[in-house]
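Numbering follows the working numbering, with no gaps: position 23 of the sequence shown is 25. Beta carbons: idealized from backbone N, C-alpha and C, even for Gly. Heads up, the thing below is written out as structure tokens.
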Amino acid sequence: MSANTWRQPTGDGDIPSGTGQATSARTPTGGATVAVHESRRSPRRFWSARRIPAAIVALLSVAGMGLLLYDVVSVWADRPGMSWRRRLAEELATRPLHDIWMIVGAAVAMALGLWFFLLAVTPGLRRVLPMRQPTGVARTVEVHAGLDRHAAALNLRDRAVRVSGVQSARVDVGRRKVRARAQAHFRDLNEVHADLDAVLSEAVSNLGLARKPTLHVHVRRPKKG
């Protein structure tokens, strides 16, 4: 797997779990097994390319600089500047600071600046959860694996519906929490809840996430009618 990639679970296979634990991995040539230890380094989140915001900013910047350059060339050519620029300069010079349009314009500019700042300092790619990095294996230092939240939810839902008594289940996977809601059409609700909690706890551990989310399980009877 190349650097800065992410993977999804295929089939029902489990990903080795247990932070700080050692698992066995056979070499491609069929030789002896080697110990794989989980890295204790803090996980790195995946950064979004943010192509759409970048394209919007680039287009607006090019348009603004083009208009400004055209106006400067017109003034240097002894031609009158654009009327909108003269009007804008006059309005900015004569309107008081407490004018409603000045306040609205400042609020919009501040909101846009805050939005751009947040886009610059936050990863943004929230649908990919970082996975644990193994150590002690050759060529794994540059591996940055991630798991899609939707794929993780499908994996956990498949595990949930196999629990005896569960008629249907819905699983939502977040960065810090996993919420499972199931409907049980037979068996005692407490028994179903206990079995479902045990199965999903093991499944969450087997996902191999760098930060294990908290599991919340809710079981109820299906609605009649």
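Let me know the secondary structure DSSP gives M133 once reduced to three states.
Correct three-state label for M133: strand.
Can you give me the C-alpha to C-alpha distance between W78 and S63, rounded to a whole angstrom?
Straight-line Cα distance between these residues: approximately 22 Å.
Taking the straight line between their C-alpha atoms, what separation do you get for T124 and S50?
Each residue's Cα considered, the two are about 9 Å apart.
With distance defined between alpha-carbon atoms, name the residue in N192, F118, V206 nearest to I54.
When each option's Cα is compared against that of I54, the closest is F118.
Looking at the unbroken beta strand (DSSP E) that takes in V175, where does it start and where does it end?
That run of the beta strand (DSSP E) goes 168-175.
Skipping 5 residues on each side, what residues in its chain have a beta carbon closer than 7 Å to that of G176?
Hits under 7 Å: P215.
Which residues share a DSSP beta bridge with L70?
Note: L70 sits in no beta bridge, so no partner.
Please identify the residue among R81, G167, P98, H187 whose C-alpha is closest to the C-alpha of K225.
The option with the nearest alpha carbon to K225 is H187.
What span of residues does the beta strand (DSSP E) with V221 cover, start to end?
V221 -> beta strand (DSSP E) spans 216-222.
R151 to V180, Cα distance in whole Å?
So the alpha carbons of these two residues sit roughly 10 Å apart.
Taking the alpha carbon of V219 as the reference point, which residue from L99, A205, A182 has its own alpha carbon closest?
Nearest of L99, A205, A182 to V219, Cα basis: A182.
Return the first residue and the last residue of the alpha helix (DSSP H) that R88 is part of.
85-96 is the extent of the alpha helix (DSSP H) around R88.
What did DSSP end up calling V36 once you bin it into helix, strand or coil?
With a pLDDT of 37 at V36, under the threshold of 50, the modelled position of this residue cannot be trusted; read the value that follows with caution. Of the three classes helix, strand and coil, the one that applies to V36 here is strand, per DSSP.
Under 6 Å Cβ to Cβ from V230, same chain only, skipping five residues before and after it: list those, please.
Residue 230 is absent from the structure shown; the chain starts at 3 and stops at 227.
Just how far apart, CA to CA, sit L158 and R52?
Those two C-alpha atoms are separated by around 30 Å.
What's the call for P132, buried or exposed, on a 16-neighbour Cβ count within 10 Å?
Buried is the call here.
Taking all protein chains shown into account, decide if V74 is buried (16 or more other Cβ within 10 angstroms of its Cβ) or exposed.
By the 10 Å Cβ count, V74 comes out exposed.
For V180, report the span of its beta strand (DSSP E) as first-last.
From DSSP, the beta strand (DSSP E) with V180 extends over 179-186.
Leaving out five residues before and five after V59 in sequence, what residues of the same chain have Cβ atoms less than 8 Å from its Cβ?
So the list reads F118, once near-sequence residues are dropped.
Give me the Cβ distance between V221 and V194, rounded to the nearest whole Å; I'm assuming they're in contact under 8 Å.
Confirmed, Cβ separation roughly 5 Å.
Indicate whether S229 and A184 have their beta-carbon atoms separated by less than 9 Å.
The structure shown does not extend to residue 229, since the chain is modelled only from 3 through 227, so no value can be given for it.
Looking at the unbroken alpha helix (DSSP H) that takes in G115, where does it start and where does it end?
Per DSSP, G115 belongs to the alpha helix (DSSP H) from 102-123.
Within 10 angstroms of the Cβ of A147, are there 16 or more other Cβ atoms? Answer buried if so, exposed if not.
Burial call: buried.
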